[in-house]
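Peer 1: Chains as they are written, first to last, in the UniProt record's numbering: chain A, 1 to 298; chain B, 1 to 294.
Built from N, CA and C at the ideal position, the CB exists for glycine as well.
Note that the structure is a prediction, hence the values are computed from the model and not measured.
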Amino acid sequence: MSVKLARADRRAAWLFMAPMIAAMLVVAVWPLARTFYFSFTDAYLDDPTNFSLVGIDNFLEVLDDHTWWIATRNTLVFASISVAIETVLGLAIALLINQAIPGRGLVRAAILVPWAIPVVVATKIWEWMLNDQFGVLNQMLIALGLVDHGIAWTASGTLIMGVVIFIDVWMTTPFMVLLILAGLQMIPGEIMEAAEVDGIPAWKRFWSITLPLLKPAIGVAVLFRVLDALRMFDLAYVLAASSEQVMTVSIYARNRLISFQELGIGSAASTWVFLLVAFIAILIIGVLRLDRAAGEAA
Amino acid sequence: MTDIPLTLPTRRRRSSASYRLERRLKKGALMVAVGLVLVYTLFPYYWAIVSSTKQGAALYRDTFLPALDFTYYRALFENTVFLGSLVNSAFVATSTTALSLILGISAAYALGRIDFPQRRGVLLAILMISIFPQVVVLSGMFELINWLGLYNRPSALVVTYLLATVPFTTWILTTFIREFPRELEEAAIIDGCSHFRILTKILLPLMGPSLASTGILAFILAWNEFLFALTFILTDENRTVPVAIGLMGGNSRYEYPFAQIMAASVTVTLPLIILVLIFQRRIVAGLTAGAVKG
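1) For chain A, find out if any of its Cβ atoms is closer than 8 Å to the Cβ of residue 224/B; answer yes or no.
2) Pick out whichever of 152/A, 214/A, 269/A and 31/A has its Cα sitting closest to the Cα of residue 95/A.
3) According to DSSP, simplified to helix, strand and coil, what is residue 41/A?
4) Against chain B, with Cβ distances strictly below 8 Å, would residue 4/A count as a contact?
5) Check whether the segment 104-119 of chain A touches the segment 163-181 of chain A, taking contact to mean three or more Cβ pairs, one atom from each stretch, closer than 8 Å.
6) Distance cutoff 8 Å, beta carbons only. Does residue 229/A sit that close to anything in chain B?
7) Consult DSSP for residue 204/B and reduce its assignment to one of helix, strand or coil.
8) Report the three-state DSSP secondary structure of residue 65/A (helix, strand or coil).
9) For a test of the three-state rule: what should DSSP assign to residue 9/A, helix, strand or coil?
10) Report the partner residues of residue 47/A according to the DSSP bridge assignment.
11) Determine, using beta carbons only, whether residue 166/B comes closer than 8 Å to chain A.
12) Do residue 93/B and residue 228/B have their beta-carbon atoms positioned less than 8 Å apart in this structure?
13) Quick one: list the residues of chain A neighbouring residue 69/B, beta-carbon separation under 7 Å, in chain order.
14) Quick one: which chain B residues come within Cβ less than 9 Å of residue 254/A?
15) Between residue 181/A and residue 104/B, what straight-line distance do the alpha-carbon atoms span, to the nearest angstrom?
16) Residues of chain B with a CB under 8 Å from the CB of residue 126/A: which are they?
17) Looking at C-alpha atoms only, which residue of 50/B, 38/B, 147/B and 107/B is the closest neighbour of residue 65/B?
18) How is residue 162/B classed by DSSP in three states: helix, strand or coil?
19) Would you say residue 188/A faces chain B, with C-beta separation under 8 Å as the test?
20) How many angstroms separate the CA atom of residue 282/B from the CA atom of residue 206/B?
21) Can you tell me which of 192/B, 53/B and 21/B puts its alpha carbon nearest to the alpha carbon of residue 8/A?
22) How would you label residue 252/B, buried or exposed, when you count the other beta carbons within 10 angstroms and need 16 or more for buried?
23) Would you kindly work out how many angstroms separate the C-alpha atoms of residue 33/A and residue 127/B, rounded to a whole number?
24) What are the partner residues of residue 53/A, as DSSP defines its beta bridges?
25) How would you label residue 4/A, buried or exposed, when you count the other beta carbons within 10 angstroms and need 16 or more for buried?
26) Taking DSSP as the reference, what is the three-state secondary structure of residue 185/B?
27) Does any residue of chain A have a CB that is nearer than 8 Å to the CB of residue 132/B?
28) Closer than 7 Å, Cβ to any Cβ of chain B: which residues of the segment 256-268 of chain A, in chain order?
29) When the distance is taken between beta carbons, is residue 261/B closer than 8 Å to residue 248/B?
30) Residue 172/B: which of 241/B, 194/B and 123/B sits nearest, CA to CA?
31) Of all the CB atoms in chain A, is at least one closer than 8 Å to the CB of residue 143/B?
32) Does the beta carbon of residue 246/B come closer than 8 Å to any beta carbon on chain A?
33) Pairing CB atoms from the segment 56-75 of chain A with CB atoms from the segment 244-264 of chain A, are three or more of them under 8 Å?
34) Tell me whether the beta-carbon of residue 125/A lies closer than 8 Å to the beta-carbon of residue 48/B.
35) Under 8 Å, do residue 273/A and residue 250/A count as touching if we go by C-beta distance?
36) Residue 243/B and residue 226/B look like a contact to me (Cβ under 8 Å); what is the Cβ gap, rounded to whole Å?
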């Protein structure tokens, strides 16, 4: 009887999941498989039915392209620096909001605003604020006597990566704050009270109680943010189109695929992006696991 | 108890005075810090509003108050192409959200309530789909869209956005369903109620708030998407708003229409911001349910 019931349950489970699985097969598994397949062909986008298999030539051609390596470097620089800043800033703001301050709910709502704004819109707003002649930031700097004339933030090669990182930090720190805040609220208050009564200084309470207990929350937040930052497309595309200074691997792959119509090579570039992201994901998950194991051993 | 030193009361009084001062200083510093955070997060959007209501030369003067000149808003709402893109965005985001919630709730019921051996595997696959970069499926998706005959149609975006929103809604709704106590359905299970009835008659009526927060997150995701909207839509009248704004530019390098862009930006974002402020608590619940408990 129970075996029969279990079997009925299992059948029901697959029935309930069938629509979702069907949708995923169509929009995720099939396109992914086709991209992998196309990466071994010399197909062009204008006539995708006419092609022949070329082995791993496309993969080698991408690796041979100087621009690909610039894009890879940009992506890694962008992801590591922006996520590092977001983590520190997110932690600081989360600790601040966690304090007993008036209007805490309101502050938390205000923090969500940058997160809700589309990337394109946020980019345009900052582009305007950073405009070399009329931007409000340059005008403030001039009024304060810090510079003589406006800085061309988005025109200069060295500054523009900083601008991209800055805008990303502004947009996604709220996400970090919320996740870390959720982690903070799971820490039982008694621990902190006991430590305070024992006269343990605030910085030490933070370092040896709060931070270790927050580690899982921060770890998950960092993982999500890194994977998100590695696929960044819209921010750099809107700010600088195809300029090499901030070109990411996603922009590179799309350029080859759509702008140059190279279906085969574009697919190979996409596959490299996939492998890069998968590799870093495994790396981070591995590090998180190691931490957890170390925590249990201690 | 009686041999407490006599000096203690005075010392305590002094220390409580300095303690109070310290507290006041601390509170002041706290308020300053909170103020700085608020300026940092809110000023850019405020500045977009201010800039969008300024005309001509006034735009370039840094007065911090809005000029309340709505010329650009009027122009925006007389611009049929922009209005069209608003309609496209609304259509795409709403349809995507509705479809994702239907697919998500059904799958989430199985994943949250029925025990079957492959459950962990399915959840892992869903998580993997939601983290891989969108550009990876671009070639295959291009073929799919052509094959479905949807190229350059907003409905193409509804199909492609399912890639991002369905794993997301399934994941969050699964965590929400698991939070409901199982006792709710016990009587129904004993009575031999079917799973479909349990989902539709017992769980679904209780899931309004969870569906709302998940739906808003999916809606924002779909409303803000850029890469697919840029790639699969060819003509201006079929575009969604993020792409329309992203491609806005002046006639010349020297005449960059920042005030118009700011007006468009404010228009596009205002509904989202109002939604977020109203449902703030639910959205936070959704975000943290999706990320932390996974």
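Peer 2: In this structure, then:
1) Position 224 of the second sequence, counted from the first residue, corresponds to residue 224/B. By this cut-off, residue 224/B is an interface position.
2) As a working note, residue 95/A is residue 95 in the first sequence. Nearest of 152/A, 214/A, 269/A and 31/A to residue 95/A, Cα basis: 214/A.
3) If you number the first sequence from 1, residue 41/A lands on position 41. Of the three classes helix, strand and coil, the one that applies to residue 41/A here is strand, per DSSP.
4) Sequence index remark: in the first sequence, residue 4/A carries index 4 (1-based). No - not a single Cβ of chain B is within 8 Å of the one on residue 4/A.
5) yes
6) For this step, residue 229/A is matched to residue 229 along the first sequence. No, because no Cβ of chain B sits closer than 8 Å to the Cβ of residue 229/A.
7) If you number the second sequence from 1, residue 204/B lands on position 204. It is helical.
8) As a working note, residue 65/A is residue 65 in the first sequence. Here residue 65/A sits in coil by DSSP.
9) As a first step, residue 9/A must be located in the first sequence, where it is residue number 9. Helix.
10) To locate residue 47/A, count along the first sequence from 1; it is residue 47. According to DSSP, which records beta bridges pairwise, residue 47/A is partnered with 44/A.
11) Within the second sequence, numbered from 1, the residue matching residue 166/B stands at position 166. By this cut-off, residue 166/B is an interface position.
12) Taking the first residue of the second sequence as 1, we reach residue 228/B at position 228. Taking the first residue of the second sequence as 1, we reach residue 93/B at position 93. No; because the gap between Cβ atoms is not below 8 Å, this pair is not in contact.
13) For this step, residue 69/B is matched to residue 69 along the second sequence. Here the premise fails: no neighbours, minimum Cβ distance about 17 Å.
14) Here the question's residue 254/A lines up with position 254 in the first sequence. Chain B residues near residue 254/A: 135, 138, 227, 230 and 231.
15) Stepping through the first sequence from its first residue, residue 181/A is reached at position 181. Stepping through the second sequence from its first residue, residue 104/B is reached at position 104. Taking the straight line from one Cα to the other gives about 27 Å.
16) For this step, residue 126/A is matched to residue 126 along the first sequence. Near residue 126/A (Cβ distances below 8 Å), the residues of chain B are 44.
17) As a first step, residue 65/B is located in the second sequence; it is residue number 65 there, counting from the start. Closest by alpha carbon: 50/B.
18) Within the second sequence, residue 162/B is the residue found at index 162, counting from 1. If DSSP states are grouped into helix, strand and coil, residue 162/B belongs with the helices.
19) Stepping through the first sequence from its first residue, residue 188/A is reached at position 188. Answer no: the Cβ-Cβ gap between residue 188/A and chain B never drops below 8 Å.
20) For this step, residue 282/B is matched to residue 282 along the second sequence. For this step, residue 206/B is matched to residue 206 along the second sequence. Spanning the two alpha carbons is a distance of roughly 14 Å.
21) By one-based count along the first sequence, residue 8/A stands at place 8. That would be 192/B, whose Cα lies nearest to the Cα of residue 8/A.
22) Working through the second sequence from its first residue, we reach residue 252/B at position 252. With a pLDDT of only 42 at residue 252/B, under 50, the local geometry of the prediction cannot be trusted, and the value read off the model is given with reservation. Exposed, because fewer than 16 other Cβ atoms sit within 10 Å of the Cβ of residue 252/B.
23) Along the first sequence, read from residue 1 onward, the residue named residue 33/A stands at position 33. Along the second sequence, read from residue 1 onward, the residue named residue 127/B stands at position 127. Going by the C-alpha atoms only, they are around 18 Å apart.
24) Along the first sequence, read from residue 1 onward, the residue named residue 53/A stands at position 53. Its beta-bridge partners are 41/A.
25) One-based indexing of the first sequence puts residue 4/A at position 4. Counting Cβ neighbours within 10 Å, residue 4/A comes out exposed, since fewer than 16 surround it.
26) Translated into positions along the second sequence, residue 185/B becomes position 185. Of the three classes helix, strand and coil, the one that applies to residue 185/B here is helix, per DSSP.
27) On the second sequence, residue 132/B is found 132 positions in, with the first residue counted as 1. Cβ-Cβ to chain A under 8 Å: yes for residue 132/B.
28) 257, 258, 263, 266 and 267
29) Along the second sequence, read from residue 1 onward, the residue named residue 248/B stands at position 248. Along the second sequence, read from residue 1 onward, the residue named residue 261/B stands at position 261. Yes, the Cβ-Cβ distance between residue 248/B and residue 261/B is below 8 Å.
30) Counted from its first residue, the second sequence places residue 172/B at position 172. Residue 172/B has its Cα closest to that of 123/B, out of 241/B, 194/B and 123/B.
31) One-based indexing of the second sequence puts residue 143/B at position 143. Taking Cβ atoms only, chain A reaches closer than 8 Å to residue 143/B, which makes this a yes.
32) As a working note, residue 246/B is residue 246 in the second sequence. It does; some Cβ of chain A falls within 8 Å.
33) yes
34) Within the first sequence, the letter at position 125 stands for residue 125/A. Within the second sequence, the letter at position 48 stands for residue 48/B. Yes, Cβ-Cβ distance for residue 125/A and residue 48/B is below 8 Å.
35) In the first sequence, residue 273/A corresponds to position 273, counting from 1. In the first sequence, residue 250/A corresponds to position 250, counting from 1. Closer than 8 Å, so yes.
36) Residue mapping note: residue 243/B aligns to position 243 of the second sequence, counting from 1. Residue mapping note: residue 226/B aligns to position 226 of the second sequence, counting from 1. Indeed, because the Cβ distance is near 6 Å, the residues count as touching under 8 Å.
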